[in-house]
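Below: one structure, written as structure tokens.
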Amino acid sequence: MQTTLSINGAERTLDADVRTTLLDALRMHLGLTGTKKGCDHGQCGACTVIVNGRRINSCLTLACMHDGDAITTIEGLGTPEALSALQAAFVAHDGYQCGYCTPGQITSATAMLEEARAGWPSHVSEDLEAAPELSDAEISERMSGNLCRCSCYPNIVDAIREVHAGAAS
Amino acid sequence: MTAHLKMDEPARRRRLDDMVQGVVGQPLDRPEGPLKVSGVATYASEWPREGLAHGVLVRATISRGRVRELGEGPVREMPGVLGVFHGERLLRNPAQGGAGEAPVQDPAKVAYFGQPIALVVAESFEQARHAAQSLHVEYEPEEAVTDPEATEVETPKGKQVDKGDLDRAMAEAAVSVDVTYRTPGHSSAPMEPHASIAEWDGEDLLLHGSYQMLKYNRAELADAIGIDPARVRILAPYVGGGFGSKLGIAPEAVAAALAARELGRPVSVALSRQQVFETTMRRSETRQRIRLAADAEGRLTGLSHEALVSNLPGESFSEPVAQATHFLYGAPNRRIVHQIARIDRTCAGSVRAPGEAVGVTIFENAMDELAEAAGIDPIELRLRNIPERDPEQDIPFSSHMLAEALREGARRFGWDARSPEPGRRREGEWLIGLGMASAVRVNILAEAEARVTLDADGTAKVETDMTDIGTGTYAILTQIAAEALGLPTERVTVSLGDTDLPPGPGSGGSWGAASSGTAVYLACEELRGRLAERLGCTEEELTLKDGEAIAGNRKQALAQVLDGESWEATGHVEPGRTSKAVRQSTWGAHFVEVAVSAVTGETRVRRMLGVFAAGRILNPKTARSQCLGGMTFGIGMALTEALQHDLRDGHLVNRDLAEYHLPVNLDVPQLEVHFLDEHDDWANPLQVKGIGELGICGAAAAVTNAIYNACGVRVRDYPATLDKVLPGLP
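Going down the list, the protein sequences come from chains A and B.
Per the numbering used here: the first sequence = residues 433 to 601.
Per the numbering used here: the second sequence = residues 462 to 1191.
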């Protein structure tokens, strides 16, 4: 089935099995292997991409459902030569070890900071109406859909806190 | 030129201290970091290959028996299907770490539920997955043994210790404990599922794999297929975590290789997450009985550690539960019992810190129980029982840092604030408690080679088949070479994960930095010698810094000294007498503050501090991350992680990340890590010791000891889930 996707600002046409997930379309058909497969069941977050501004698990959706959608993957956030602020902060704070969950963490964090800016509360927010203050607990809760078995969580929180503080000031 | 060192004598020269580049010991960012954070680093199943076919493994749905018939006819007719493979060379389970030969083959014999029995290959992943799920299998089932506590056990002679008279020590003790704990099975659960792409060029096999120990993996793969190891090349420059589960060659690699040869095109086989749980190594569940006898001052007069673990019939590995009990605490009367139940479950093998991860944890729980029984502070109890020499082998310790770790940790954590009586501190619904545990892990040097090339332009290249599975190998080998050759780190490149390069020890047993690091250093020392010779001075008189060589009052750029030549040297280190003459270990202490909900029994870790001594810390940034990882494994072990097997048919019930609960970000507070200064000359010329596993050793005990201090509930059946805490709450 033919599907047209806008990926990192470029239009890409895909001709794939209707069973092909958005994740497998990216990895196996479009050569965008930065998005990782960790569980294929929406349990680990390694496959996080941003679709029309919202972070989703790309393993839980079929590519053919996204005709015309705007998709941002890790490759669209920055390159080794020109890292995004979050990518650079993950390097500086060692917010990764093996690196496999990392693209998902960074893509997720990129969208999460937008959610917080838009005033979305989380499970740990004291006040659902107030503008959220991104405390460490707020960052941790909002990033708990992204597993890291190397367990760099403290460093991931440090990296995100720094970028959030920089953007706020 | 090869520089060879057999580690027979302590390396008292400490040559690294004489180097002046100043990069060893600095928190260098990982050189491969920009590739990882931008999604450019290439993992096993991501290599673009023309004509790539996709394979999916088919799993057994019985725990023991034989495959009578595979209904492959209809499956072969399905769209896109290229073949169904089930030959005798396919593997039943992965090789144990360092095996160097094929593990059990012939998948028609079923030894555990979930065992691979066939591979279905198709043009696309979706076609292969559908076809694999459609394969109808008929079995001749046999009765399976699924319960390790309800079957006969082996008691291997060489693994038992009986010294003095333990029963008498127990009978005459002023204070004693006799407790039995259980830990469940654990899964390494690396974030990258195991995957291989195999392709053939004539008789030569190239495997893109996700493996930890390439030197051995090459031999294992060649043996499984029946070809000369020289015909096999494995590439694994990036490995998405391992924690023991990628030590030995596994079914997907052999299946991909055999299918690719048959089909004449490259084949990719990636495990599903469920298959990672079912077919990669599990840590054995354990039953541990600890007996401690002490005098009125809390000095141990006797100790006993009896462990029951399990594995498949015929497997050589058994979780070495008492590995650190042999030397952690002194006591004249000692008994260690090691028993193995043979059961039909997923193969048991190494998971981060095999032995100490569960053994030290439970022993440290028992010590907490003894401290309470004796009315002695838990730290004081441990300090009173640190032995002068290895209590079983009567050899000296190469270095002993436990007392300092305990004292420094107590000071930093505010241990003084702890009430010895449980349940004394409450904040609203939360009961607050503090706990601690010693950390200890044996230190190992393994044979390693590495090649260092000093290029004519004054840059250096480090090459070895050693892997970086998130451990920081790229960073620390860069730093060692830069330091020894006097180069800025950006003038050093490190190539890893290619069996065409000199063989390293692989990532396992925490030996990577010490072993491969020493090999790199030896090669650099050889190059330094040649530079000195050309400059007419001794190696000791030579100073290398910022790409310049200084000898006497002469200073020259390296490129000038090399005069258009490129030099290459190989370093080769082997363990020697220092491995046996002294007891080598890494040391530390864990401190934890928990809050236990008086309403639900839920435990939240609020603070956690690890104080560690692991020799010279090459890179405090990457070393700290290794410790964070180990400590977090400990939080998981204490609170949530457990493989659940159904005893009726042996199947693994919770075989995914929704049901096997790894700690998530919110489960882990901002952990603190503090390194103690230690230089152990017996370890290697760099005075470097292992750091990858120490962080998990004892960590879970600090959590569960804190739970006891918070609420008075002693959970002896790990993990301490709500249902086990709730009934005992005050």
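The beta-carbon is built from N, C-alpha and C at its ideal position, and this holds for glycine as well.
Quick caveat, the model's predicted, so the values are computed rather than measured.
The stretch 489–504 of chain A / the stretch 550–561 of chain A touching (three or more Cβ pairs under 8 Å): no
In chain B, what lies closer than 7 Å to arginine 451 of chain A by C-beta? Glu587
Below 8 Å between beta carbons: does that hold for arginine 813 of chain B and phenylalanine 586 of chain B? In this structure, arginine 813 of chain B keeps its C-beta atom at 8 Å or more from the C-beta atom of phenylalanine 586 of chain B.
Stretch pair the stretch 498–506 of chain B + the stretch 563–575 of chain B: three plus CB contacts closer than 8 Å: no
Under three-state DSSP, which class holds valine 606 of chain B? coil
Looking only at C-alpha atoms, which of B:Asn1145, B:Val484, B:Cys985, B:Thr1182 sits nearest to serine 1058 of chain B? The candidate whose alpha carbon is nearest that of serine 1058 of chain B is B:Thr1182.
What are the boundary residues of the alpha helix (DSSP H) that glutamine 1021 of chain B is part of? For glutamine 1021 of chain B, the enclosing alpha helix (DSSP H) begins and ends at 1019–1023.
Tell me whether the beta-carbon of glycine 500 of chain A lies closer than 8 Å to the beta-carbon of arginine 734 of chain B. no
By the criterion of Cβ-Cβ separation under 7 Å, what are the contact partners of alanine 717 of chain B in chain A? Result: empty, since nearest Cβ-Cβ is about 16 Å, beyond 7 Å.
Can you tell which of B:Arg694, B:Asp665, B:Gly702, B:Ala685 has the C-alpha that lies nearest to the C-alpha of lysine 676 of chain B? Check the Cα spacing between lysine 676 of chain B and each of B:Arg694, B:Asp665, B:Gly702, B:Ala685: the tightest is with B:Arg694.
Could you give the residue range of the beta strand (DSSP E) that holds glutamate 1035 of chain B? 1028–1036
Leaving out the 5 sequence neighbours to the left and right, which residues in its chain are closer than 8 Å to valine 1022 of chain B when beta-carbon positions are compared? Leu992, Arg995, Leu996, Ala1010
Threshold first: 4 residues or longer. Then list the alpha helix (DSSP H) segments lying entirely within the stretch 689–764 of chain B, N to C. 712–724, 734–740
With a cut-off of 8 Å, does the C-beta of arginine 520 of chain B fall near any C-beta of chain A? no
Residues bridged to phenylalanine 858 of chain B [DSSP beta-bridge criterion]: By DSSP's assignment, phenylalanine 858 of chain B forms a beta bridge with B:Arg1044.
List the endpoints of the continuous beta strand (DSSP E) containing aspartate 623 of chain B. 622–624
DSSP beta-bridge partners of alanine 659 of chain B: B:Leu668, B:Val728
In chain order, what residues of the same chain have a beta carbon less than 6 Å from the beta carbon of glycine 508 of chain A, not counting five sequence neighbours either side? Cβ-Cβ distances below 6 Å link glycine 508 of chain A to Asn440 in the same chain, with the five nearest sequence neighbours on each side left out; the list follows chain order.
Just to confirm the assignment, what range does the alpha helix (DSSP H) spanning isoleucine 686 of chain B have? 675–686
Is it true that the CB of methionine 674 of chain B sits closer than 8 Å to the CB of serine 968 of chain B? Their beta carbons are under 8 Å apart, which means serine 968 of chain B touches methionine 674 of chain B by this criterion.
Alanine 691 of chain B CB to nearest heavy atom of the ligand PLP below 7 Å: Within the structure as shown, the ligand PLP is missing, as the structure has no ligands at all.
Counting only Cβ-Cβ distances shorter than 9 Å, please list the residues of the stretch 1059–1071 of chain B near chain A, keeping chain order. none
For serine 1027 of chain B, is the classification buried or exposed, using 16 other Cβ atoms within 10 angstroms of its Cβ as the cut-off for buried? The residue in question, serine 1027 of chain B, is exposed, as its Cβ has fewer than 16 Cβ neighbours within 10 Å.
Alpha carbon to alpha carbon, what distance is there between histidine 555 of chain A and arginine 1116 of chain B? 27 Å
Alanine 593 of chain B burial status per 10 Å Cβ neighbour count (16 or more: buried): Flag for alanine 593 of chain B reads buried.
In the DSSP assignment, what residue or residues form a beta bridge with alanine 980 of chain B? Answer by DSSP bridge pairing: none, since alanine 980 of chain B is not bridged.
Would you call leucine 1108 of chain B buried or exposed, if buried means 16 or more other Cβ atoms sit within 10 Å of its Cβ? exposed
Against chain A, with Cβ distances strictly below 8 Å, would threonine 607 of chain B count as a contact? no
Who are the near neighbours of glutamate 530 of chain B in its chain, counting only those whose CB is closer than 7 Å to its CB and skipping five residues on each side? Glu599
I'd like the span of the alpha helix (DSSP H) that includes arginine 873 of chain B, first residue to last. Run containing arginine 873 of chain B: 863–874, per the alpha helix (DSSP H) assignment.
Beta-ladder partner(s) of arginine 887 of chain B, from DSSP: B:Leu892
Chain B contacts made by the stretch 524–540 of chain A, where a contact means CB separation under 7 Å: Ala524, Asp526, Tyr528, Gln529, Cys530, Gly531, Tyr532, Cys533, Thr534, Pro535, Ile538
Starting from leucine 844 of chain B, trace the alpha helix (DSSP H) both ways and give me its first and last residue. 839–844
Output the boundary residues of the beta strand (DSSP E) element that contains lysine 1006 of chain B. 1004–1006
Less than 8 Å between the CB atoms is what I'm expecting for aspartate 469 of chain B and threonine 1039 of chain B, so what's the real figure, rounded? 7 Å
Out of curiosity, what's the CA-to-CA distance linking alanine 521 of chain A and alanine 543 of chain A? 16 Å
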